[in-house]
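Going letter by letter, the sequence shown gives residues 199 to 334 in the numbering used here. For each residue, glycine too, the CB sits at the ideal point set by N, CA and C. Everything on this sheet refers to the single structure shown next.
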Amino acid sequence: MVGPPNNEKNKFLAPPLRPALPGQVQQLQGPRTRQGIGRVIPFCALCDQEPETGAHLLPADQDEGLEDWWTRSLEMLPLVQKRSVAAIQLYTTWNIWKERNRRIFDQKSLQPPQVFQLIREEVNLRRVACGTPVVS
Numbered sequence: 199m200v201g202p203p204n205n206e207k208n209k210f211l212a213p214p215l216r217p218a219l220p221g222q223v224q225q226l227q228g229p230r231t232r233q234g235i236g237r238v239i240p241f242c243a244l245c246d247q248e249p250e251t252g253a254h255l256l257p258a259d260q261d262e263g264l265e266d267w268w269t270r271s272l273e274m275l276p277l278v279q280k281r282s283v284a285a286i287q288l289y290t291t292w293n294i295w296k297e298r299n300r301r302i303f304d305q306k307s308l309q310p311p312q313v314f315q316l317i318r319e320e321v322n323l324r325r326v327a328c329g330t331p332v333v334s
């Protein structure tokens, strides 16, 4: 069977955030991969320039984890503003991930302004349901 070993540590991580595991190389071979030294490296579905990693897809620094980035980006904000910024960050990263999956699994793509429009619509739907934030 091709795929990651049954490892509780890696079980819930999304593929770009999960470390490369033996057995996954065969799954990665396809039109979006380039041969590296001794293994196949998947390239980003959004830019096709950089290897696809969690750090490349999401705004976290290479040296910090996603949770550290999230905490650091919100810690200095007033409570009222934290809610708005957290919602915008959540919908932004979620829509980047959905665009990545749209390109890989549906072979369709949106232009960046269209993805931004989806983010804006989702944030504004949230505002209607929960109050703040507003994205103009």
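Under the DSSP assignment, residue 242 falls outside any alpha helix (DSSP H); it carries neither an H nor an E label. When the beta-carbon positions are compared, residue 285 and residue 324 come within less than 8 Å of each other. Note that the C-beta distance between residue 256 and residue 291 is below 8 Å.
A distance of 8 Å or more separates the beta carbons of residue 316 and residue 299.
When DSSP states are grouped into helix, strand and coil, residue 249 belongs to the strand group. Here the C-alpha atom of residue 265 lies approximately 15 Å from the C-alpha atom of residue 254. Non-local beta-carbon contacts of residue 289 in its own chain, meaning distances under 8 Å to residues more than five positions away in sequence, involve 317, 320, 321 and 324 in chain order.
Secondary structure of residue 304 (DSSP, three-state): coil. Non-local beta-carbon contacts of residue 247 in its own chain, meaning distances under 8 Å to residues more than five positions away in sequence, involve 241 in chain order. Sixteen is the threshold: when 16 or more other Cβ atoms of the shown chains lie within 10 Å of the Cβ of residue 297, as they do, the residue is buried. For residue 310, the enclosing alpha helix (DSSP H) covers residues 310–328. In the displayed model, residue 264 falls within a helix according to three-state DSSP. Sequence-distant Cβ neighbours of residue 301 in its own chain, meaning closer than 6 Å and more than five residues away, are 243 and 307.
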